[in-house]
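>
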Amino acid sequence: MPNDIPEWKKHAFGGNKASYGKKTQLSIIEQRESLPIFRLKEQLIQILIVIGETGSGKTTQITQYLAEAGYTSRGKIGCTQPRRVAAMSVAKRVSEEFGCCLGQEVGYTIRFEDCTSPETVIKYMTDGMLLRECLIDPDLTQYLKTSHPLFPSHTTLNPACLCL
């Protein structure tokens, strides 16, 4: 473990409690609550742009915060990932945290594979799948409507979807 740990990580993870990819004794709920983004849960539900380091919980937590706050009564929450493996692994992790089987309330869609159901409220997908959904349904009627679309910054395809 490096000695030059950023100050926010010391406070967010409780100093020596940080696992940094190693096995941890923390429960999955404690792991989730130890992420830096957890302290901002209520404020994040109203934020348009979120910037944070890799591993801070942007992709896994914000979708759950919106679902837990009742936003899925107005539509599904969609979240894009730049790669197929990322969409699948993030969906698996979030389904564990959300307390459901993968493909039920939390699922993913990648080319040639749809692991969702009518009960799915949080859906992870590749950028290409979002583009395909935009072409089929330009209004994205099955998704939560916000005043401004939210897309991860690590993608280059999504601005094209905004123009459709």
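As numbered in the numbering used here, residues -6 to 157 make up the sequence shown, in order.
Backbone N, C-alpha and C define an ideal beta-carbon position, used for all residues, glycine too.
This one's a predicted model, so the numbers in the text were calculated from it and none came from an experiment.
Please go through the same chain and pick out, in chain order, the residues whose beta-carbon is closer than 7 Å to the beta-carbon of isoleucine 38, but skip the five residues on each side of it.
Taking the first residue of the sequence shown as 1, we reach residue 38 at position 45. So the list reads Tyr58, Leu59, Ala62, once near-sequence residues are dropped.
> Along the chain, where does the beta strand (DSSP E) that runs through glycine 71 open and close?
Residue 71 sits at position 78 when you count from the first residue of the sequence shown. First-last of the beta strand (DSSP E) with glycine 71: 70 to 74.
> Is it buried or exposed for proline 111, if we count other Cβ within 10 angstroms and need 16 for buried?
One-based indexing of the sequence shown puts residue 111 at position 118. With fewer than 16 other Cβ atoms within 10 Å, it is exposed.
> Between the segment 99 to 107 and the segment 25 to 38, do at least 3 Cβ pairs fall closer than 8 Å?
No, they do not touch.
> Check whether the segment 66 to 85 touches the segment 107 to 121, taking contact to mean three or more Cβ pairs, one atom from each stretch, closer than 8 Å.
Yes, since at least three Cβ pairs between the segment 66 to 85 and the segment 107 to 121 fall closer than 8 Å, the two stretches touch.
> Taking 8 Å as the threshold (C-beta atoms), are valine 87 and valine 78 in contact?
Residue numbering aside, residue 78 sits at position 85 when the sequence shown is read from its first letter. Residue numbering aside, residue 87 sits at position 94 when the sequence shown is read from its first letter. Cβ distance not < 8 Å, so valine 78 and valine 87 don't count as in contact.
> Alpha carbon to alpha carbon, how far is leucine 19 from isoleucine 129? Give it in angstroms, no decimals.
Numbered from its first residue, the sequence shown carries residue 129 at position 136. Numbered from its first residue, the sequence shown carries residue 19 at position 26. So the alpha carbons of these two residues sit roughly 43 Å apart.
> Check for me: the alpha helix (DSSP H) holding glycine 100 runs from which residue to which?
Here residue 100 refers to the residue found at position 107 of the sequence shown. Segment 99 to 103 is the beta strand (DSSP E) holding glycine 100; no alpha helix (DSSP H) there.
> Where does cysteine 127 sit, in a helix, a strand or coil, going by DSSP?
Position 134 of the sequence shown, counting from 1, holds the residue named residue 127. Looking at cysteine 127 - three-state DSSP - the assignment turns out to be helix.
> Using the C-alpha atoms, what's the distance from threonine 65 back to leucine 137?
Stepping through the sequence shown from its first residue, residue 137 is reached at position 144. Stepping through the sequence shown from its first residue, residue 65 is reached at position 72. Their backbone Cα atoms lie some 7 Å apart in a straight line.
> Can you tell me which of the three DSSP states leucine 19 falls into?
For the purposes of this step, residue 19 is taken as residue 26 along the sequence shown, with counting starting at 1. DSSP places leucine 19 in coil when its eight states are reduced to three.
> Measuring CA to CA, which of Thr56, Pro29, Cys94 is closest to threonine 47?
In the sequence shown, the residue the question calls residue 47 occupies position 54. For the residues Thr56, Pro29, Cys94, the minimum Cα distance to threonine 47 belongs to Pro29.
> Give the C-beta separation of glutamine 54 and phenylalanine 91 to the nearest angstrom, bearing in mind that I take them to be a contact with Cβ-Cβ under 8 Å.
In the sequence shown, residue 54 corresponds to position 61, counting from 1. In the sequence shown, residue 91 corresponds to position 98, counting from 1. Wrong, their Cβ atoms sit about 11 Å apart, outside the cutoff.
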